[in-house]
Each structure stands twice: as structure tokens, then as C-alpha cells.
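Asker: Quick one: structure below, then a few questions.
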Amino acid sequence: MIDGRIKLRHIACFLEVASRSGFGRAAEALHLTQPAVSRAIAELEDVVGKPLFERGRGGAVLTADGRAFRTHAGAAFAELGRGIDRVKRPGGATGGEITVGALPTVAARIMPEAVKRAKETGLAASIAIEAGPNGWLIDQLKQGRLDLVVGRLAEPQVMMGLAFEHLYSEPIVFVARPGHPAATGRPTRLVDLAGYTLIMPGRGSIIRPEIDRLFILDGVAGTGDRIEATDPSFSRAYVRMSDAVWIISHGVVAGDLDDGTLVRLAMSSSASGGPVGLTTRAGQVPSPAVDLLMRAVREIARAL
């Protein structure tokens, strides 16, 4: 049973401080004074009997207990908001609002067709698509800011409190401009690319460990001339104007390969960027609107 001393303002302040890693920034976002936010957190910590934040000059960082509490508090707060929305919404059960997190590759490749199909089958809700890196999306889902994430399977410790439904696995591909010297159609070894600039995601990206592992397995000690880039538009433009080779998830360049502005090199080694699927909060029953959209995403993914 929930302690009656816990109020909605306690949860709202807690989630905002956790999201912004600071009392001052949370107070500004909530249009409260910093002492009011600090007092709310102190009252909440008194009720639960554990410190939820470590305070320091750099701001406020969640403790282990704070991280555990955040998973449940965020989900409960979001469910309450959805319950209010369902009662008030026009358009029936499939109306209201849906906020979906998607990897940039998914946002461009799957979500347009999925949203179109869902609306054709009765979805009346307004939809917000939030594109971003997988880790950020998962964090937003845990906080209750997203109803659903269409992205990659995260590490086991990150997936606590979440459920994942596998849709497909996306390969890592090597692409270059048409007419590139390595685009012969014959299998190319990694060592044969030593003379070219290689463009790849930064070390914080979810597929970078797979790329590094590929080089290790092929006995290539280093990657020589390398550019790390997170912006596909830079990589796309640079590859088109040079002999650079771009190592990236297939979904990012699927359209470029289809229209012939980039070509895929035939590599003797291959690697998977990992499973892509639907991530939701464990135990959460999707609303009819979210369920309609999830069905549409499954159908589009199966057709890939």
C-alpha cells in the first residue's frame, strides 16, 4: 500500500530532478523555487527511508535506490497521465496522444509507413515521434516520457523493468560512392581497405563494439585513417565526394542503396548491428491506440 504521505508533487519533483541532474534546473522546469523542490525531495526521502540522490557541486546524481525508485515512479506517473487522458480524450479508445521513441534509422525507414497503416486501420490519436540514440530513448521510456521505443535491444542491466519484442536484425554494411575502386563485386577483405578513409560511428554508439570486434576477428590491428561521425548527413556527403568507405547500419543507407547514390561493398566478413524491436515497460498493458501502432510496426518490419 502506498504511504499516504507521498503526494504527486513529490513524484513530479523527483522525476524532474532525476531527468535534469540538478535541483535548480528542475525548479526552473517546474516553475517552482529551488527550496520548494529540495523540500519535496527531502520529504520523499524521509518517507522511503533512503537517500535517492547524491548531492554535489556538479548537481544531483541518482543513488542505486534512486535508480530503482525511478523505474517504478516514472511508469506509475505515466500510467496516471494516460488514465486521465483516456477519460478526457475525444475520438474514443484510439484517440488521445502517443509519444514514440525511434532510432533515426527506424524513424526514417519504418515509422512513416507504420503510422500511415495505423491511421488507415482506425488510429485517431495524435502521434509524436522522438528520434535519438538508443540509450536516451530507453531512459525516456523508463521515465514515462515515451509510450513505446522502436530501437535496439539494450544491455541486460539496462533492460530491468522493460520488455523487448524482436522484430528483425539489421546488418552492418560497408558503403561507398558508385565507381569506387573497391566496388568490384568481388569479396573485399578489411585489410584491403587500409588505404581508404573509414567513416564509422563514435565509440558511444551501440554498433561500434561490433565494428571493432570485426576488425579484431580479421586480425586488423588498427583502422588507420578514420573519421568518427554521428551525423549521417556528414558521412553521406563525404562518401559521395571521396573514396572514403562508410561503415554503418544498413537502415541508415537503405534509401541511398535503393536509388544508387551509394553502393554496398561485398565484404568477406560480416557483422550484425543487433536485434531491433519494440521496447515497452514490463507489465504495462498498451492502450488501444498504442496497440494499433505496434501492430502496424510489426507488419512493416515483416515486409523489410
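Taken in order, the sequence shown gives residues -18 to 285; the numbers are from the numbering used here.
From the three backbone atoms N, C-alpha and C, an ideal C-beta is built for every residue, glycine too.
All values reported here derive from a predicted model rather than from experimental measurement.
Taking 8 Å as the cut-off, decide whether the C-beta atoms of Phe34 and Val42 are in contact.
Answerer: Numbered from 1 along the sequence shown, position 53 holds the residue referred to as residue 34. Numbered from 1 along the sequence shown, position 61 holds the residue referred to as residue 42. In contact: Phe34 and Val42 (Cβ atoms closer than 8 Å).
Asker: Count the C-beta pairs between the region 102 to 120 and the region 225 to 235 that are closer than 8 Å, then say yes if the count reaches three, no if not.
Answerer: Too few Cβ pairs lie closer than 8 Å, so no.
Asker: Take Lys286 and list the residues in its own chain whose beta-carbon comes closer than 6 Å to its own, dropping the five residues that flank it on each side.
Answerer: In the structure as shown, the chain begins at -18 and stops at 285. Residue 286 is therefore absent and cannot be evaluated.
Asker: Which residue marks the beginning of the beta strand (DSSP E) containing Tyr149, and which one marks its end?
Answerer: For the purposes of this step, residue 149 is taken as the residue at position 168 of the sequence shown. 143 to 157 is the extent of the beta strand (DSSP E) around Tyr149.
Asker: Alpha carbon to alpha carbon, how far is Asp237 from Arg245?
Answerer: Along the sequence shown, read from residue 1 onward, the residue named residue 237 stands at position 256. Along the sequence shown, read from residue 1 onward, the residue named residue 245 stands at position 264. Cα-Cα distance, rounded: 10 Å.
Asker: Please give the ranges of any alpha helix (DSSP H) in the region 226 to 257, keeping only runs that are unbroken, at least 4 residues long and fully inside the region.
Answerer: If we require 4 residues or more, the alpha helix (DSSP H) runs fully inside the region 226 to 257 come out as 231 to 240.
Asker: Considering Ile302, what are the terminal residues of the alpha helix (DSSP H) in which it resides?
Answerer: Because residue 302 is not part of the residues shown, which for the chain are -18 to 285, the question remains open.
Asker: For Gln124, does the three-state DSSP call read helix, strand or coil?
Answerer: On the sequence shown, position 143 is the one that residue 124 refers to. Correct three-state label for Gln124: coil.
Asker: Which residue marks the beginning of the beta strand (DSSP E) containing Val130, and which one marks its end?
Answerer: Numbered from its first residue, the sequence shown carries residue 130 at position 149. Counting along the chain, the beta strand (DSSP E) containing Val130 begins and ends at 129 to 133.
Asker: Considering Cα atoms alone, identify which of Ile192, Leu13, Ala95 is closest to Val271.
Answerer: Numbered from 1 along the sequence shown, position 290 holds the residue referred to as residue 271. Per the Cα distances, Ala95.
Asker: Is the beta carbon of Glu151 less than 8 Å from the beta carbon of Val257?
Answerer: Counting from 1 along the sequence shown, the entry for residue 151 is found at position 170. Counting from 1 along the sequence shown, the entry for residue 257 is found at position 276. Yes. Within cutoff.
Asker: Expressed to the nearest angstrom, what Euclidean distance is found between the alpha-carbon atoms of Leu274 and Gln265?
Answerer: The residue given as residue 274 occupies position 293 in the sequence shown. The residue given as residue 265 occupies position 284 in the sequence shown. Taking the straight line from one Cα to the other gives about 15 Å.
Asker: From which residue to which residue does the beta strand (DSSP E) around Leu43 run?
Answerer: As a first step, residue 43 is located in the sequence shown; it is residue number 62 there, counting from the start. Its beta strand (DSSP E) spans residues 40 to 43.
Asker: Determine whether the beta carbon atoms of Glu78 and Ala99 lie at a separation below 8 Å.
Answerer: Walking along the sequence shown from the start, residue 78 turns up at place 97. Walking along the sequence shown from the start, residue 99 turns up at place 118. Their beta carbons are not under 8 Å apart, which means Glu78 does not touch Ala99 by this criterion.
Asker: Answer yes or no: do Asp173 and Ala163 have a C-beta to C-beta separation smaller than 8 Å?
Answerer: As a working mapping, residue 173 is identified with position 192 in the sequence shown. As a working mapping, residue 163 is identified with position 182 in the sequence shown. Yes, they are a contact pair.
Asker: Can you tell me whether Leu285 is buried or exposed? The criterion is at least 16 other CB atoms within 10 Å of its CB, across all chains shown.
Answerer: As a working note, residue 285 is residue 304 in the sequence shown. That one is exposed.
Asker: In this structure, does DSSP put Ala49 in helix, strand or coil?
Answerer: Along the sequence shown, read from residue 1 onward, the residue named residue 49 stands at position 68. Looking at Ala49 - three-state DSSP - the assignment turns out to be helix.
Asker: Is the beta carbon of Ala263 sitting closer than 8 Å to the one on Ala135?
Answerer: Start at 1 with the first residue of the sequence shown, and residue 263 comes out as number 282. Start at 1 with the first residue of the sequence shown, and residue 135 comes out as number 154. No, these two residues do not count as a Cβ contact at 8 Å.
Asker: Give me the Cα-Cα distance between Leu127 and Asp239, rounded to the nearest whole angstrom.
Answerer: Within the sequence shown, the letter at position 146 stands for residue 127. Within the sequence shown, the letter at position 258 stands for residue 239. Going by the C-alpha atoms only, they are around 32 Å apart.
Asker: Tell me the rounded alpha-carbon separation between Val131 and Gly82.
Answerer: Residue 131 sits at position 150 when you count from the first residue of the sequence shown. Residue 82 sits at position 101 when you count from the first residue of the sequence shown. One C-alpha to the other measures close to 6 Å.
Asker: Within 10 Å of its beta-carbon, does Pro190 have 16 or more other beta-carbons around it, so buried, or fewer, so exposed?
Answerer: Sequence index remark: in the sequence shown, residue 190 carries index 209 (1-based). So Pro190 counts as exposed.
Asker: I need the DSSP call for Leu198, collapsed to helix, strand or coil.
Answerer: To locate residue 198, count along the sequence shown from 1; it is residue 217. DSSP places Leu198 in helix when its eight states are reduced to three.
Asker: Going by alpha carbons, who is nearest to Thr260 out of Val233, Pro137, Glu101?
Answerer: Mapped onto the sequence shown, residue 260 falls at position 279. Cα-wise, what sits closest to Thr260 is Pro137.
Asker: Check the C-beta distance from Ile(-8) over to Ala54 and give it rounded, since I have them as a contact under 8 Å.
Answerer: On the sequence shown, residue -8 is found 11 positions in, with the first residue counted as 1. On the sequence shown, residue 54 is found 73 positions in, with the first residue counted as 1. That belief holds up - the Cβ atoms of Ile(-8) and Ala54 are roughly 5 Å apart, short of 8 Å.
Asker: I'd like the list of long-range same chain contacts for Val87, defined as Cβ closer than 6 Å, with 5 residues on each side in sequence excluded.
Answerer: If you number the sequence shown from 1, residue 87 lands on position 106. Cβ within range, chain order: Val131.
Asker: Grab the span of the alpha helix (DSSP H) containing Ile22 for me, first residue to last.
Answerer: Taking the first residue of the sequence shown as position 1, residue 22 is located at position 41. Note, Ile22: alpha helix (DSSP H), 15 to 29.
Asker: By DSSP's criteria, Phe140 is part of a beta bridge. Which residues make up the other side?
Answerer: Within the sequence shown, the letter at position 159 stands for residue 140. One point to set straight first is that residue 140 is Met, not Phe, in the sequence displayed. DSSP lists no partner for Met140.
Asker: Would DSSP call Gly(-14) helix, strand or coil?
Answerer: On the sequence shown, residue -14 is found 5 positions in, with the first residue counted as 1. A small correction: the amino acid at residue -14 is Arg; Gly does not occupy that position in the sequence shown. Here Arg(-14) sits in coil by DSSP.
Asker: Using only alpha-carbon positions, find the residue among Leu129, Arg90, Asn115, Thr102 that is nearest to Ala312.
Answerer: Shown here, the chain extends from -18 to 285; a query on residue 312 therefore has no answer.
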